[in-house]
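Visitor: I have a structure I would like to understand better, so I am pasting it below and will then ask my questions one at a time.
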């Protein structure tokens, strides 16, 4: 249940160690979001709604309108689900808002997937065919489930991310497409993702439209109250 949201989290999860710092110049993002998923059993899921993120509130709010009207709040490592403003469930989430694509976009850290602010280090750089491929490796002496992460950039924008486990097996592949330039920030409006699960593939397409940065007002959606009086 709500597996689309777990997939969205896994798609952006990078297990950063020692993350720090952010800019205050661009601090809010709102967008219409569409998520299309092809599961490993060849069934399909389609989800549509809006996403709100304010890095000061440290919450990602998903206002879902299809296939059912409900609202999700990702805060710290918990995911809260509301129906008609009533809290219906609380579950663990692998995605912290500070490690999400929304946070990286606002802080202009998407180009290196936020790894420059982590303890991962650059172990190799290759150039060719208009691409720069940087290999980021986990720090030595750390028992990390994540191995090398390959970051491909094109025209100074993030193009692809390949995440491997500590044994070198591919866990996730992501492609970032159809960038727009808004208020001095490069924003991908389409993300293609493949997750490799027990030898099988799960496909996902995430699309953003009507993106707004630094919206004034609408504070209740950006800092949705988890516990209500």
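Residue numbers (the UniProt record's numbering): 1 to 229.
Glycine residues also receive a C-beta, built at the ideal position from the N, C-alpha and C atoms.
None of these values were measured; they are calculated from a predicted model.
Near residue 83, what residues of its chain come up, given a Cβ to Cβ distance below 7 Å and the 5 sequence neighbours on each side ignored?
Guide: On the chain shown, position 83 is the one that residue 83 refers to. So the list reads 70, once near-sequence residues are dropped.
Visitor: Quick one: which unbroken beta strand (DSSP E) runs of 3-plus residues sit fully inside the stretch 116-172? Chain order, please.
Guide: 121-128, 131-137, 146-154, 157-165
Visitor: Hey, residue 210 and residue 31 are a contact pair by Cβ (cut 8 Å); roughly how many whole angstroms apart?
Guide: Numbered from its first residue, the chain shown carries residue 210 at position 210. Numbered from its first residue, the chain shown carries residue 31 at position 31. Correct: roughly 6 Å between the Cβ atoms.
Visitor: Counting C-beta neighbours from all protein chains within 10 Å, is the total for residue 7 16 or more, i.e. buried, or is it exposed?
Guide: Here residue 7 refers to the residue found at position 7 of the chain shown. Low confidence applies here, because residue 7 scores a pLDDT of 46, under 50, leaving its location unreliable; read the following figure in that light. Around the beta carbon of residue 7, 16 or more other beta carbons lie within 10 angstroms, which makes this residue buried.
Visitor: For residue 96, does the count of other Cβ atoms within 10 angstroms reach 16, so buried, or fall short, so exposed?
Guide: Residue numbering aside, residue 96 sits at position 96 when the chain shown is read from its first letter. Classification for residue 96: buried.
Visitor: Since residue 110 contacts residue 55 with CB under 8 Å, what's their CB separation in whole angstroms?
Guide: Residue 110 sits at position 110 when you count from the first residue of the chain shown. Residue 55 sits at position 55 when you count from the first residue of the chain shown. In fact, because the Cβ distance is near 14 Å, the residues do not count as touching under 8 Å.
Visitor: To the nearest angstrom, report how far apart residue 145 and residue 39 are at their CA atoms.
Guide: The sequence position of residue 145 within the chain shown is 145, counting from 1. The sequence position of residue 39 within the chain shown is 39, counting from 1. Going by the C-alpha atoms only, they are around 24 Å apart.
Visitor: With distances taken Cα to Cα, identify the nearest neighbour of residue 195 among 157, 164, 217, 121.
Guide: Stepping through the chain shown from its first residue, residue 195 is reached at position 195. When only C-alpha atoms are compared, the closest one is 164.
Visitor: Is the beta carbon of residue 131 less than 7 Å from the beta carbon of residue 150?
Guide: On the chain shown, position 131 is the one that residue 131 refers to. On the chain shown, position 150 is the one that residue 150 refers to. No. Outside cutoff.
Visitor: Report the start-end ranges of each beta strand (DSSP E) in the stretch 24-82 that is 3 residues or longer and not cut off at the edges.
Guide: Restricting attention to beta strand (DSSP E) runs no shorter than 3 residues, the stretch 24-82 encloses them at 28-38, 44-54, 59-66, 70-75, ordered along the chain.
Visitor: Between residue 133 and chain C, is the shortest Cβ-Cβ distance under 7 Å, so that the two count as touching?
Guide: Looking at the structure shown, chain C is missing, and only one protein chain is on hand.
Visitor: For the 8 Å Cβ check, are there 3 or more pairs between the stretch 153-162 and the stretch 171-178?
Guide: Contact holds: three or more Cβ-Cβ distances are below 8 Å.
Visitor: Under the three-state reduction of DSSP, which class applies to residue 98: helix, strand or coil?
Guide: Position 98 of the chain shown, counted from the start, is the residue given in the question as residue 98. Helix, per DSSP.
Visitor: DSSP on residue 105, reduced to helix/strand/coil?
Guide: Counting from 1 along the chain shown, the entry for residue 105 is found at position 105. Helix.
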